[in-house]
C-alpha cells in the first residue's frame, strides 16, 4: 500500500553502490516505488554503461518499475574519463530534475525523497541535495562517507554478488573483466591502491561493476559476456542475460 506521505525513488545504475544503498533503505522501511536510471545515448562512448543490458532484469527481480532519464550525446572518448566529469554531471542534473518533478506529481502523496549510492563525492552530494531542496523532498545517501574498505566488505558479507564490468586504471589487466568482487579481489584492490592510488571502490572511475544478486533481489541474474580489451582499459560486452531460473514463456514476453 502506498504511503500517503509520499514515496521514494532510488537512483539506480545496476552497480554496487546504488544496489547496496537500495537494499539498505528498503530494509529500513523506506517506501521505494521507482528506480530512476540515467540512460546514455547509444552513440555515446563517454557514457557507455556495461550494466545497461541487465538493469531491466534487475528491476524485475527487485520488483520495482524503471523510469529512464536520457542524457545528451557527447563526443568524449574513454579512457580520458576525468575530462568530461563536469559536463556529464551537469547533463545528468539537467535531465534528472524534470523526471523527478513528474514523479512528484504522479506519486500518491508526492515525492517523499531520493535515495542515492554516493559515497565520497561532495560535488554529487551537493548537487543532489540542491535538487531535492528545489523539488521539496528529502535526500538520503546511506553510504555517505563510509570507509571504502569497510563498505566493500559489508557489501560482500551482506550478500551482493558483484562483477567487474569495466576497468580503466594502472594495475588492471584483462583478467579483471567479469571477475567477481570477493574478499580476495578486494585484497588485490587494496594492493593496487597502495601501488597506483586506485580507489578501493573505484570512486574515481577506475572500475565499474554490475550486481547480479543480493538481498534486494528475488532472483539472481545469469549472464554471458565477451571481454573487450584496448591495451589500457577494457569492458565486458554482455551477449546474453536472464533471470535464474529462466523466465517462463509468458514472463519472457512481457
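In UniProt numbering, the protein residues as written are 1 to 254. Beta carbons: idealized from backbone N, C-alpha and C, even for Gly.
Rounded to the nearest angstrom, the gap between the Cα atoms of residue 219 and residue 226 is 23 Å. For residue 213, the number of other beta carbons within 10 angstroms of its own is at least 16, and it is reported as buried.
The segment 19-32 makes contact with the segment 130-144, as at least three CB pairs between them are under 8 Å. Scanning 136, 13, 191, 149 for the CA closest to the CA of residue 68 turns up 13. Put simply, the backbone Cα of residue 200 is about 17 Å away from that of residue 19. Residue 117 sits away from residue 137, with the two beta carbons spaced by 7 Å or more. With 16 or more other Cβ atoms from the protein chains shown falling within 10 Å of its own Cβ, residue 61 counts as buried. Taken atom to atom, the span from the alpha-carbon of residue 99 to that of residue 126 is near 19 Å. Between residue 156 and residue 179, the CB-CB gap reaches or exceeds 7 Å. Your pair residue 55 and residue 37 checks out as a contact, with CB atoms roughly 6 Å apart and the cut at 8 Å. A direct Cα-to-Cα measurement between residue 6 and residue 59 gives close to 21 Å. The C-alpha of residue 230 is placed about 40 Å away from the C-alpha of residue 103.
Checking the DSSP bridge columns, you'll see residue 26 has no partner listed. In the three-state reduction of the DSSP assignment, residue 56 falls in the helix class. For residue 124, there is no enclosing beta strand (DSSP E); the residue is found in the alpha helix (DSSP H) stretching over 122-135. The residue from 234, 8, 242, 205 with its alpha-carbon nearest to that of residue 106 is 8.
Within 10 angstroms of the beta-carbon of residue 166 lie 16 or more other beta-carbons, which makes it buried.
Under DSSP, residue 7 shares a beta bridge with 111.
If the five residues before and after residue 65 are omitted, its C-beta is found closer than 6 Å to the C-beta atoms of 34, all from its own chain and listed in chain order. Note on geometry: alpha-carbon atoms of residue 204 and residue 70 lie some 23 Å from one another. Residue 188 and residue 52 have their C-alpha atoms roughly 27 Å apart.
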